[in-house]
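4 protein chains.
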Amino acid sequence: MDLALTCEHATMSLGERFQAVRALSEELAHGLSAEDQCIQSMPDASPTKWHLAHTSWFFERVILQALLEDYAPFDARYDYLFNSYYEGLGPRHPRPQRGLLSRPSSEEVLAYRRHVDHSVLGLMERGEPEVDRLVILGLHHEQQHQELILTDIKHAFFVNPLHPAFASPQPHGVHEEPAEPRFIDYPGGIVPIGAPDAGFSFDNEQPQHAVLLRPFRLAASPVTCAEYLAFMDDGGYRRAEFWLSDGWALAQREDWRAPLYWEQQGDDWKIFTLRGERPLDPSEPVAHVSLFEAAAFAAWAGKRLPTEFEWEAAVTPQPVVGNFLEERHYHPRAGGHAGPLAQAYGDVWEWTRSSYDPYPGYRPFDGALAEYNGKFMASQIVLRGGSCATPESHIRATYRNFFPPAARWQFSGFRLAEDQ
Amino acid sequence: MDLALTCEHATMSLGERFQAVRALSEELAHGLSAEDQCIQSMPDASPTKWHLAHTSWFFERVILQALLEDYAPFDARYDYLFNSYYEGLGPRHPRPQRGLLSRPSSEEVLAYRRHVDHSVLGLMERGEPEVDRLVILGLHHEQQHQELILTDIKHAFFVNPLHPAFASPQPHGVHEEPAEPRFIDYPGGIVPIGAPDAGFSFDNEQPQHAVLLRPFRLAASPVTCAEYLAFMDDGGYRRAEFWLSDGWALAQREDWRAPLYWEQQGDDWKIFTLRGERPLDPSEPVAHVSLFEAAAFAAWAGKRLPTEFEWEAAVTPQPVVGNFLEERHYHPRAGGHAGPLAQAYGDVWEWTRSSYDPYPGYRPFDGALAEYNGKFMASQIVLRGGSCATPESHIRATYRNFFPPAARWQFSGFRLAEDQ
Amino acid sequence: MDLALTCEHATMSLGERFQAVRALSEELAHGLSAEDQCIQSMPDASPTKWHLAHTSWFFERVILQALLEDYAPFDARYDYLFNSYYEGLGPRHPRPQRGLLSRPSSEEVLAYRRHVDHSVLGLMERGEPEVDRLVILGLHHEQQHQELILTDIKHAFFVNPLHPAFASPQPHGVHEEPAEPRFIDYPGGIVPIGAPDAGFSFDNEQPQHAVLLRPFRLAASPVTCAEYLAFMDDGGYRRAEFWLSDGWALAQREDWRAPLYWEQQGDDWKIFTLRGERPLDPSEPVAHVSLFEAAAFAAWAGKRLPTEFEWEAAVTPQPVVGNFLEERHYHPRAGGHAGPLAQAYGDVWEWTRSSYDPYPGYRPFDGALAEYNGKFMASQIVLRGGSCATPESHIRATYRNFFPPAARWQFSGFRLAEDQ
Amino acid sequence: MDLALTCEHATMSLGERFQAVRALSEELAHGLSAEDQCIQSMPDASPTKWHLAHTSWFFERVILQALLEDYAPFDARYDYLFNSYYEGLGPRHPRPQRGLLSRPSSEEVLAYRRHVDHSVLGLMERGEPEVDRLVILGLHHEQQHQELILTDIKHAFFVNPLHPAFASPQPHGVHEEPAEPRFIDYPGGIVPIGAPDAGFSFDNEQPQHAVLLRPFRLAASPVTCAEYLAFMDDGGYRRAEFWLSDGWALAQREDWRAPLYWEQQGDDWKIFTLRGERPLDPSEPVAHVSLFEAAAFAAWAGKRLPTEFEWEAAVTPQPVVGNFLEERHYHPRAGGHAGPLAQAYGDVWEWTRSSYDPYPGYRPFDGALAEYNGKFMASQIVLRGGSCATPESHIRATYRNFFPPAARWQFSGFRLAEDQ
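Chains as they are written, first to last, in this note's numbering: chain F, 36 to 455; chain G, 36 to 455; chain U, 36 to 455; chain Z, 36 to 455.
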């Protein structure tokens with residue numbers, strides 16, 4: 036296996052990469068108070084402090100306890116507190132109660148991280164390939180939680196009527212109205228789908244296999260807020276004919292009228308961002324929509340969403356360039372232009388019209404890690420491409436993110452497709 | 036479009052077929068009291084009387100009101116009561132409250148059926164292809180509800196502590212232990228999937244398109260109760276490692292320990308059937324399991340479930356023969372032997388490992404009927420092959436049934452698959 | 036103990052009374068179809084058939100099985116089906132699932148009643164005082180269920196969009212606007228409260244004891260619909276300042292804007308009655324309000340509700356005369372005039388401002404019957420005086436009915452009080 | 036009105052008292068981290084920080100904004116965040132979401148307190164009786180929240196698997212088994228109930244009025260843990276015959292087997308206290324039981340609970356002496372001996388068998404404060420006497436505390452009564 040975390044990490048040693056990834060997690064928490072790091076605004080989200088501890092627990096439990104015969108855990112009780120969902124690793128604290136853990140304190144969690152860092156770096160000095168393999172997995176795991184730190188605190192700050200900002204506001208220029216959507220033709224045919232054996236990938240991207248596609252077309256850019264406003268203005272949230280049945284029921288029950296984080300003030304729309312509330316920029320990609328809203332928009336527009344296979348076939352040739360977490364912008368940008376499919380990487384995760392099913396020949400990771408991905412393969416939808424909260428070194432064309440079709444708190448947008 | 040309802044109906048005129056299908060629905064209700072026909076044991080199920088009325092409403096609303104300029108509805112208020120889920124056809128009675136409709140009475144519903152029958156037959160005399168096309172659709176719709184009449188009353192009778200029987204008990208012979216499961220090789224390759232243009236099919240089976248399959252193997256028979264008992268005896272319901280995450284949570288919450296309708300009495304298992312409670316027959320196909328249980332069994336067995344494409348590719352060459360509703364057996368049979376893949380048709384619907392996603396190029400039916408199938412394409416799983424409650428003339432190799440992965444009240448079983 | 040069931044039954048033998056009460060229950064069910072008798076529109080309500088069976092079970096379980104050594108139950112399984120809430124008498128069918136019992140059929144339940152009637156009448160021939168005592172209790176129990184048969188079917192018919200009527204419509208004259216409410220002075224002082232030893236009474240009315248009351252005033256009539264409309268027109272349902280906290284939360288959550296069974300059509304109010312829907316009569320007592328609404332009205336009016344002790348002290352001298360079930364009117368009447376406190380008996384149960392607490396010296400009935408009343412003495416409110424659905428021979432001044440403060444499906448109204 | 040806050044405050048000026056009460060609240064929070072002060076473990080409880088802010092809001096909104104024409108609020112948005120339940124004072128933050136308010140920070144809340152303190156003290160210099168009257172009310176309000184700070188953090192620390200302690204452990208001696216319960220006779224008769232006009236009291240204690248009581252007997256001490264263990268050992272939690280219906284259903288649903296905060300370890304019981312977990316002391320009063328458990332115990336013991344009138348009549352002659360918050364013991368003590376009715380004050384609130392109904396002649400406070408007590412007079416039960424978490428200067432014989440019968444997180448115990 037290639038040890039590359041890709042991109043910026045390419046010239047670093049694994050030890051340097053370990054320290055860089057671990058440091059970035061703490062950087063994200065740095066501007067947050069101990070109280071901010073403690074709260075949990077909904078069962079789907081977790082406190083910042085919990086993310087910081089859980090990612091350390093992952094290294095401790097999966098690597099240190101497995102490979103270091105005399106490893107002394109920092110606190111034996113943390114095994115219960117910071118196991119997320121691994122049935123095979125024992126009982127765990129109920130997910131909806133993560134926000135009740137005022138103890139351990141943020142400071143204790145940072146001390147826990149130091150303890151784990153020290154032990155992992157010590158273990159890595161042995162130079163064992165199995166250690167390296169698991170450390171790389173642990174770093175990708177931590178990068179997934181870096182994204183969640185951002186999306187979860189965004190939700191927590193939004194439900195606070197004071198609407199605190201995660202980062203300082205930035206000047207936000209006026210953009211031109213986005214141009215008419217443009218579609219690009221792709222020939223389809225028999226294409227390779229999934230990750231090759233070389234390089235890191237998750238089990239759910241494997242094995243690489245051939246898929247037969249009909250010719251298709253993809254929109255050159257993700258759907259923008261301006262386009263989405265047109266859907267809203269045309270009664271998009273009131274016209275059942277565009278909606279999947281579950282989505283319509285949910286939208287009625289929760290009185291959806293716009294994407295999450297949009298707030299109407301008089302005739303104008305404000306949008307809540309990690310840098311505080313500001314006017315909506317019509318030219319930026321729409322984010323924080325569910326699959327249900329994405330599919331309804333597509334139906335309204337007379338188009339459809341791409342399958343994950345179409346997306347991957349089209350994007351694979353493009354370089355991994357985009358508005359990622361490393362930019363510290365924390366929000367999709369208007370008018371990004373990289374590759375023929377603009378903004379395919381970064382900015383917003385793109386809902387596909389593919390349910391999250393196993394690939395032919397799929398084999399879960401071994402042991403407890405079998406639970407990492409495989410057990411979620413029901414009632415979820417695949418998203419592709421990463422977002423402004425995804426570390427650049429974490430994403431690739433074959434990456435399969437997945438969320439239930441109702442989820443809106445991720446930076447989730449979409450791109451249209453159609454048959455040729 | 037070929038007007039065939041296939042099989043037994045092949046030699047009938049469409050008018051004769053109409054009368055035969057309509058009569059069968061009423062036959063199913065015949066042995067039930069007015070009270071039996073009125074109750075609804077859970078929101079997913081509907082009263083017999085409601086099924087009899089709703090199928091008539093479908094003819095009335097989709098055909099008679101659309102095509103007969105001077106059609107006088109039997110009762111204008113029925114449009115609200117018996118619309119199932121068509122947002123485009125106006126507001127409707129809440130689904131969980133269908134069992135509160137003591138009025139209209141069973142007799143009034145039968146009179147409603149007579150009124151609709153008379154009007155449809157009159158309209159059919161015009162000989163318009165559009166009428167015929169819609170009548171055939173209405174008959175397939177009614178056949179779907181025939182199956183639901185059986186599965187819904189089975190559930191209703193089960194929750195009654197008196198455990199009434201829908202039909203009289205039949206002598207039930209002792210069967211041999213089923214033989215070791217045998218697997219059949221299939222070559223995969225590029226295969227046609229979906230319904231051809233000719234003949235009736237639902238929109239969700241269309242368009243026919245090519246799918247590339249890897250070589251695979253399918254079990255020659257569905258999993259039997261004996262095999263399933265081995266899974267249970269080996270802790271199948273207590274070992275999280277076999278289960279999808281949502282399934283495990285549900286099984287814990289509802290304390291699942293066996294398929295639905297199984298009841299342990301001392302060391303023995305009884306099974307509740309439409310012909311009353313009787314000892315479990317180990318050699319019959321297991322039924323009334325969820326996708327979660329099917330997938331857990333497959334993981335325990337070191338196999339997997341087939342995709343819907345593998346199933347269709349393998350079964351398409353086989354004739355539509357099996358234990359269907361027309362046999363009035365109302366329960367899966369042990370040891371059926373038809374085709375190389377025994378019991379592929381009839382007996383039990385077979386869970387696949389395919390989410391219910393649209394086919395490439397999918398177009399919903401026009402108008403209100405667009406809601407027939409398309410709006411349910413999220414969070415559901417495809418089942419194939421029909422069951423002992425499915426009319427034989429209703430099923431075909433390309434037929435895609437779909438239910439949420441938690442559903443157990445259908446005659447749902449499964450067949451194992453593996454890679455070559 | 037005096038065996039009198041009071042009033043009309045005074046000249047009957049107990050056997051005749053038994054037959055009369057049992058016959059009245061069946062008379063109430065007579066106009067209902069088997070389907071009508073089977074449905075349960077909410078967990079608080081029960082199917083007619085269940086009431087008919089349960090009251091028979093009560094005789095069977097409390098008298099026949101206890102006192103007849105060789106009694107053969109009609110069906111041993113009914114003990115599970117028709118036990119209401121007696122933990123001491125074994126497990127029972129879940130209350131919210133009473134409407135799923137299509138079996139036993141209405142006819143079987145009638146046969147069950149015949150079996151029990153025959154056995155009880157046979158046992159009564161022994162002339163044992165204990166038998167008579169329990170039969171009288173059983174008859175009062177059955178009379179309570181006669182009222183529930185009416186209130187429960189009223190609710191069930193209301194939730195059916197067809198709004199069936201329990202009885203035929205009657206001509207409904209126009210009444211004059213009710214006069215300004217008039218208050219009557221009462222001196223208070225030390226008054227006897229509760230039932231004397233002689234005559235039948237429930238344990239919750241006992242023992243008779245002295246209560247010290249301050250002077251008070253009671254409205255001469257229950258609050259009318261006209262008065263209640265004035266409250267509504269003055270924003271009664273929108274002004275939190277009048278409401279108890281739980282009531283306000285409930286009214287918001289369920290969007291209450293009027294009493295139960297009122298429906299606004301344009302500028303007019305319709306009211307659903309057991310004789311079908313008709314225009315609201317402003318001069319009839321308001322019914323189907325919760326304690327929360329009654330208390331809010333009183334606060335709006337600058338008055339209060341009476342305590343149960345004030346009510347009893349004032350009403351005790353009056354004869355038991357009023358619009359009862361025996362009139363078969365099934366609805367409160369406008370302008371009744373009996374006694375200084377008009378309509379104190381019959382028409383509508385009157386909410387008091389007294390929680391349902393035990394009287395000093397309270398002792399529950401012996402044995403299983405200890406559960407009859409005592410275990411409900413928390414979170415309930417006392418109502419007094421009976422309603423148009425109460426048998427006349429069932430009510431008395433000391434009678435304590437009780438329901439949670441949110442209940443609205445009984446014929447519950449109220450009368451204002453104030454301090455002198 | 037007498038300005039006395041009673042007892043220790045008797046020699047202080049009102050300004051000194053204001054500063055003492057305000058300081059005590061902050062002392063309680065002093066040992067808690069910012070994270071501890073932020074969490075909310077259930078909707079009934081509130082974060083420490085919220086209590087500190089809300090009590091300040093009360094002074095700001097009820098006094099400063101009402102009486103200071105040019106008062107500048109510390110932060111206008113706090114009016115929304117820290118209004119508890121006053122509909123008359125505008126919309127407010129949803130109660131179950133108080134634990135999501137990481138902002139304002141603990142430090143900002145302390146600054147808010149300083150701002151309010153300064154303003155109130157300035158206003159008090161005017162020497163206006165209305166100011167003094169409202170300040171005294173505000174201090175009693177704050178004292179109520181001091182008790183809640185303790186009971187709410189106790190619950191929050193209990194649900195944390197780490198079981199943090201609020202205060203340091205104290206040596207806990209072994210006590211003798213408590214003596215056999217002893218009963219004291221009281222004559223009953225016409226007794227004054229409720230608060231006199233002089234001195235501070237809440238509206239719900241008013242007006243003083245006469246109540247006629249039968250002779251009764253009260254246990255000389257509250258029920259101890261040893262006595263409660265005997266109830267448990269005799270199947271108290273498994274025998275429905277002792278329980279109120281709602282209580283039994285709740286105990287089954289939540290699988291109650293002991294008071295809240297008791298944990299069985301092998302054969303021993305541990306108890307979680309504000310000073311951490313330690314062995315159960317059989318001789319201390321049982322606490323953290325619901326009314327349902329108290330009433331079940333009484334039924335098991337063949338006794339009953341006293342009415343609030345019996346309690347008040349018996350306790351009024353006794354001095355207000357007991358184990359209060361000022362002792363900083365934070366837990367009931369074993370074997371307290373003050374007055375003939377030992378531990379009538381302090382240690383544990385005592386459930387009575389009286390629902391929380393208005394007194395005859397009850398008038399709520401004026402204006403927005405009408406919501407202080409009156410709107411909760413339904414479905415609640417009266418408790419008397421204060422607890423180890425109640426400030427001594429806050430309690431009196433006429434004080435009516437109230438909670439729903441299911442509540443267990445307060446220091447709630449009980450004392451038996453019986454008829455003579």
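Ideal Cβ positions, reconstructed from N, Cα and C, are used throughout, including at glycine.
Out of the options, state which residue places its alpha-carbon closest to the alpha-carbon of residue i.
i: Arg-288(F); options: Glu-343(F), Arg-273(F), Gln-300(F); result: Arg-273(F)
i: Ala-265(Z); options: Pro-206(Z), Arg-292(Z), Trp-346(Z), Ala-255(Z); result: Arg-292(Z)
i: Tyr-147(U); options: Trp-92(U), Phe-53(U), Ser-81(U), Thr-351(U); result: Trp-92(U)
i: Ala-432(G); options: Ala-452(G), Val-350(G), Arg-368(G); result: Val-350(G)
i: Gln-205(U); options: Val-155(U), Gly-311(U), Tyr-106(U); result: Gly-311(U)
i: Gly-224(G); options: Asn-239(F), Ile-219(F), Ala-245(F), Glu-215(F); result: Ala-245(F)
Under 7 angstroms between beta-carbons, which chain F residues line up against residue i? List them in chain order, please.
i: Met-412(G); result: Leu-279
i: Ser-390(G); result: Ser-390, Asp-392
i: Leu-116(Z); result: Pro-196
Out of curiosity, what's the CA-to-CA distance linking residue i and residue j?
i: Leu-145(U); j: His-86(G); result: 29 angstroms
i: Glu-385(U); j: His-89(U); result: 27 angstroms
i: Ser-256(U); j: Ser-76(G); result: 45 angstroms
i: Ala-373(F); j: Phe-344(F); result: 20 angstroms
i: Met-36(F); j: Arg-168(F); result: Confidence in Met-36(F) is poor, its pLDDT being 34 and thus under 50, which makes the residue's placement too unreliable to answer from.
i: Ser-81(U); j: Pro-78(Z); result: 33 angstroms
i: Gln-241(Z); j: Gly-396(Z); result: 8 angstroms
Can you say whether residue i is buried or exposed, counting buried as having 16 or more other CB atoms within 10 angstroms of its CB?
i: Glu-70(G); result: buried
i: Thr-308(G); result: buried
i: His-323(F); result: buried
i: Ser-48(G); result: exposed
i: His-153(U); result: exposed
I want to verify the contact list: residues of chain Z whose CB lies under 8 angstroms from the CB of residue i, in sequence order.
i: Asn-195(F); result: Leu-135, Leu-136, Ser-137, Arg-138
Whose Cβ in chain F lies nearer than 8 angstroms to the Cβ of residue i?
i: Asp-71(Z); result: Ser-137, Arg-138
i: Arg-288(Z); result: The contacting residues do not exist; Arg-288(Z) stays about 18 angstroms from chain F at best.
i: Gly-396(G); result: Arg-249, Asp-454
Among the residues of its own chain, which have a CB less than 7 angstroms from the CB of residue i, if the five just before and after it don't count?
i: Leu-279(G); result: Phe-327, Ala-330
Within its chain, find whatever has a CB closer than 8 angstroms to the CB of residue i; leave out the 5 residues flanking it on each side and keep chain order.
i: Phe-201(U); result: Gly-66, Leu-67, Leu-185, Ile-188, Lys-189, Phe-192, Leu-309, Arg-310, Tyr-365
Determine the chain Z residues that contact residue i at a beta-carbon separation under 9 angstroms, and present them in chain order.
i: Ala-233(U); result: The premise fails here: Ala-233(U) is roughly 21 angstroms from chain Z at the closest Cβ pair, so nothing lies under 9 angstroms.
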